Amino acid sequence: RRERRGEEHPCGLLAGHCYPVFETEQCQSEARVCCRLENPWPRGGYHNHSGCAGGAVASARSFEMDAEELLEHFTEVMEVRTPPSDWQCYRVTLSTDRPSYPLLSARSTTQCLLIANQPDR
């Protein structure tokens, strides 16, 4: 059966939703890695069975699971890096009603990171 986006799994995670991993550490009792994840969604959570320090249900905003559980419950794990705070950031919005091409300029040679997304897809 295909699950619907937003459907809550028995473990408490929501289908089709992302949960950022913001901390990892070695579990105290065993040679396992515990991962602390953030729950940015207004509902759902994770019912912890791993024995990590988070307890049965850590909180509405964060929870813990060991690395094996993380790989069991998530089909994709992506690394995301936030640009350093001293980088200049620009945001450009394009529209199909009025197509345009953004021009970004810098006063000197510099590193550039372009991030493109299409929110309607």
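FYI, the UniProt record's numbering numbers position 86 of the sequence shown as 86, with every residue one higher than the one before it. From the three backbone atoms N, C-alpha and C, an ideal C-beta is built for every residue, glycine too. Because the structure is a prediction, the values reported are computed rather than measured.
Contact between the region 64-75 and the region 102-117 is absent: fewer than 3 CB-CB pairs across the two stretches fall below 8 angstroms. Minimum Cα-Cα distance from GLN88 among the listed residues LEU104, SER100 and ARG5 corresponds to LEU104.
According to the DSSP assignment, LEU37 belongs to the beta strand (DSSP E) that extends over 33-38.
By the criterion of a C-beta distance shorter than 6 angstroms, GLU7 is surrounded in its chain by ALA15, once the five residues flanking it on both sides are discounted. Per DSSP, the continuous alpha helix (DSSP H) segment holding GLU68 begins and ends at 67-73. Taking C-alpha positions only, GLU69 is separated from CYS34 by approximately 9 angstroms. The C-alpha of LEU113 is placed about 13 angstroms away from the C-alpha of VAL92. Rounded to the nearest whole angstrom, the C-alpha separation of CYS27 and LEU37 is 15 angstroms.
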